[in-house]
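Residue numbers (the working numbering): 10 to 310.
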């Protein structure tokens with residue numbers, strides 16, 4: 010960027026103001042005066058921020074990479090390291106902000122030969138470690154947190170060598186089962202026997218979840234942990250959809266599947282018809298028929 014130059018004629022301005030304010034002033038000295046001095050100022054570009062990668066110990070994970078603020082850094086299984094490529098854009102990148110190369114990189118406890126960059130789809134440069142793009146997690150709000158560890162079975166804190174940190178507790182394999190609930194007949198449940206629901210504000214063709222944030226806290230999505238075990242449902246009806254945070258949610262008949270936070274035991278159906286938009290799911294992937302409702306429930310609605 011070319012430097013901009015700012016020129017001021019302070020002396021000229023001062024003389025002009027003096028003349029305007031002193032109508033009774035005597036005749037100015039006819040002697041020669043020096044011309045006003047032009048003061049030249051050059052805008053100074055701000056130096057690019059230094060990116061800092063530091064090895065630090067996080068409880069339960071061992072040594073991981075952190076940024077300049079001590080925030081845990083992560084890698085994404087759906088990216089590739091050879092060649093380096095990020096597959097997290099849009100809403101995913103909002104939930105998992107990429108660590109961008111905005112200047113020089115300062116490393117502590119990291120082999121500098123492992124540190125590189127890749128070009129993202131928006132043209133920015135993202136830091137890589139051993140080929141893996143590195144990210145922060147938006148829900149980590151303080152140093153030492155690692156709330157992103159194991160999310161969706163695809164996100165892991167990254168070690169100074171670019172490997173996955175720690176050993177997240179193996180997630181129980183996701184399953185789609187069926188059960189009979191009085192008043193509803195046969196409906197879908199998860200691997201723990203918890204009732205599953207669909208949200209009529211989602212779409213099934215194409216499959217799309219519109220329940221995030223506070224909604225997802227009340228209606229936790231059924232995430233795909235490995236291959237989905239299927240019992241009592243046509244396997245052709247079962248699929249997956251990518252959520253805004255990069256995780257994969259199980260679908261049946263195209264509809265994303267959810268649990269209800271206020272169901273606390275198998276067989277409960279407290280989420281039935283909540284808001285007129287949440288319903289249990291029949292084995293064919295449809296919401297339960299109109300007119301059906303659970304005859305036993307702990308619903309607070």
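Every residue gets a Cβ at the ideal spot worked out from N, C-alpha and C, and that includes glycine.
A quick note: this is a predicted structure, and the numbers were derived from the prediction, not measured.
From this set, the options, which residue's C-alpha is nearest residue i's C-alpha?
i: residue 189; options: 156, 150, 297; result: 297
i: residue 147; options: 248, 252, 81; result: 81
i: residue 242; options: 259, 292, 275; result: 292
i: residue 226; options: 272, 170, 65; result: 272
i: residue 211; options: 200, 86, 224, 201; result: 224
i: residue 301; options: 74, 256, 196, 222; result: 196
i: residue 204; options: 304, 289, 105, 153; result: 289
i: residue 191; options: 275, 284, 303; result: 303
Count the other CB atoms, across all protein chains shown, that sit within 10 Å of the CB of residue i; report buried if there are 16 or more and exposed otherwise.
i: residue 181; result: exposed
i: residue 92; result: exposed
i: residue 230; result: buried
i: residue 173; result: buried
i: residue 115; result: exposed
i: residue 117; result: exposed
i: residue 121; result: exposed
i: residue 41; result: Annotation note: pLDDT 48 at residue 41 (below 50); position unreliable, coordinate value reported separately. With fewer than 16 other Cβ atoms within 10 Å, it is exposed.
i: residue 157; result: buried
Is residue i near the ligand COA, in the sense that its beta carbon is under 7 angstroms from a heavy atom of that ligand?
i: residue 284; result: Absence of the ligand COA from the depicted structure is noted, as is the absence of any ligand whatsoever, leaving it without description.
Quick one, are the C-beta atoms of residue i and residue j less than 8 angstroms apart?
i: residue 135; j: residue 110; result: yes
i: residue 259; j: residue 249; result: yes
i: residue 70; j: residue 119; result: no
i: residue 67; j: residue 155; result: yes
i: residue 108; j: residue 88; result: no
i: residue 256; j: residue 184; result: no
i: residue 78; j: residue 85; result: no
i: residue 168; j: residue 72; result: yes
i: residue 166; j: residue 83; result: yes
i: residue 201; j: residue 240; result: no
i: residue 58; j: residue 132; result: no
Per DSSP, residue i forms a beta bridge with which residues?
i: residue 256; result: None; residue 256 has no bridge partner.
i: residue 122; result: According to DSSP, residue 122 bridges with nothing at all.
i: residue 164; result: 85
i: residue 277; result: Beta-bridge pairing links residue 277 to no other residue.
i: residue 184; result: 238
i: residue 145; result: DSSP lists no partner for residue 145.
Legend entry - Meets three-Cβ-pair contact criterion under 8 angstroms: the segment 211–223 and the segment 254–268: yes
Inset, instruction - Take every Cβ of the segment 125–136, pair it with every Cβ of the segment 265–284, and state whether three or more of those distances are shorter than 8 angstroms. - result: no
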